[in-house]
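Colleague: Residue numbers (our numbering), protein chains in the order written: chain A, -15 to 75; chain B, 2 to 250.
We put the CB at the ideal spot given by N, CA and C, even for glycine.
Only a predicted model underlies this, so the values are computations on that prediction, with no experimental measurement involved.
1) Could you tell me whether the segment 110 to 119 of chain B touches the segment 69 to 89 of chain B, where touching means 3 or more Cβ pairs closer than 8 Å?
2) Just how far apart, CA to CA, sit residue 38 of chain B and residue 46 of chain A?
3) With 7 Å as the limit, tell me which residues of the segment 12 to 44 of chain A have their beta carbon closer than that to any beta carbon of chain B; keep them in chain order.
4) From residue 50 of chain B to residue 43 of chain B, what does the alpha carbon distance come to, in whole angstroms?
5) With H, G and I counted as helix, E and B as strand and the rest as coil, what does DSSP make of residue 67 of chain A?
6) To the nearest angstrom, report how far apart residue 77 of chain B and residue 88 of chain B are at their CA atoms.
7) Please name the residue in B/58, B/133, B/92 and B/161 whose C-alpha comes closest to that of residue 106 of chain B.
8) Taking 8 Å as the limit between beta carbons, can you name the residues of its chain near residue -8 of chain A, skipping five residues before and five after?
9) What number of angstroms, rounded off, separates the C-alpha of residue 64 of chain B from the C-alpha of residue 45 of chain B?
10) Does DSSP put residue -5 of chain A in a helix, a strand or coil?
11) Three or more C-beta pairs under 8 Å: does that hold for the segment 24 to 41 of chain A against the segment 139 to 154 of chain B?
12) Can you list, in chain order, the residues of the segment 153 to 173 of chain B whose Cβ is nearer than 7 Å to any Cβ on chain A?
13) Determine which residues of the segment 46 to 62 of chain B have a Cβ less than 7 Å from any Cβ of chain A, and write them out in chain order.
14) Go ahead and pull the three-state DSSP assignment for residue 41 of chain A.
15) Which residue comes first and which comes last in the alpha helix (DSSP H) that contains residue 34 of chain A?
16) Do residue 138 of chain B and residue 164 of chain B count as a contact pair if the criterion is CB distance below 9 Å?
17) Quick one: give me the first and last residue of the alpha helix (DSSP H) that residue 87 of chain B is part of.
18) Establish whether the CB of residue 71 of chain B and some CB of chain A are separated by less than 9 Å.
19) In chain A, which residues lie less than 8 Å from residue 129 of chain B when you measure between Cβ atoms?
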C-alpha cells in the first residue's frame, strides 16, 4: 500500500505492515485523548519510522495514496485539535 | 484493500481533499487540467516567495529589537547612576523579558528557514509530477479508447493533485508559523516601547500592570545579578552609595 507522510512524501509500505500501522495509529490517537503528550510523540514517531522503512516513491510516479498520516512536525496541540473533535473521527 | 487507514489518516485525508477541491476540479477536461496544474505551480512559487519575504522582515525586526536591548541596558546604567534603582530594575526586567522573547523568535526563524527549504524541494517534486503527467497523458491518449483514456488520465491527475494539495498543506503550515512569529514580534515591540523611556524623569515610582506582569515573567535573580554587577561597575570607589549623587549637591 502507498502511504504518504503529509508535507514529506510517499512510501510503498508492505501490506503486511498494515495491521501494525493501524494499531500504532489507534494508540497515538488514544494518547492524544488521554492528554499524554510523550506517549503521543513516541507512538507517532514509531509510525513514521515504520513508513519510512518502506520504499520511497519516485517523483514521476503519479499514484494516489491509500493512507495519509499527519506532518512529521505535528505538535501535540495540533493533534489534540485534529483527533479529538467528535465529527472528525468515524466510529 | 478498501477502507484502509486509521483515524489519523481519515482526518488528514479529509484535509488534503479539501485542499484538492480548491486546487482542481477532477471533472475538468484533460488539457485544461494540465493548464490548471501550471497555474497552481505559479501560485506555489508566489507562496514560497511570500514566506521568504515574511521571514526576512522578521529577521530585520529581530535585529531592531537587539538594538533596543542595548538602549535598555544603557538606560538601566543611567538610572542607577542617578540613584534610581527602581527605574534601573524596571529597565533590566524588560530587557530580560525581551531577551527571552527574542530567543524563541530566533528559534522560530530557524525553523521557518528549514520549512522554506523543504517547500523549495517539494516545488521541484510537484514540477516533476506535472511533467510526468503531461507525458503520460499523451501516451494514454494515443493508446486507449477515449472512455478508458479519460479514466486513466483522471487517475493520474489525482496523483498530481494529491502532491499539489500536500505542498499546499506545507505552505499553510509555513504561513501559520509566520503569522505566529509576527504576533510575537509585535508583542516584543510593545514590551520594548513600554520599557524605553526617553526622559528618565518622567517615570515615577508607581508600578503599572506591565511591571507586575514583567516581574512574573522574568527571573528576578537574573535581574538582581545584573543589577549587582552594574552597581559594582558604577559604584567601584564610592562604596555603592549612589543616592548621594542625587541628594548631595
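Modeller: A quick look at the data gives this:
1) no
2) 14 Å
3) 12, 13, 43 and 44
4) 11 Å
5) helix
6) 7 Å
7) B/58
8) 55 and 56
9) 29 Å
10) strand
11) no
12) 157, 159, 160, 161, 163, 167, 170 and 171
13) none
14) coil
15) 21 to 36
16) no
17) 86 to 144
18) no
19) 43 and 44
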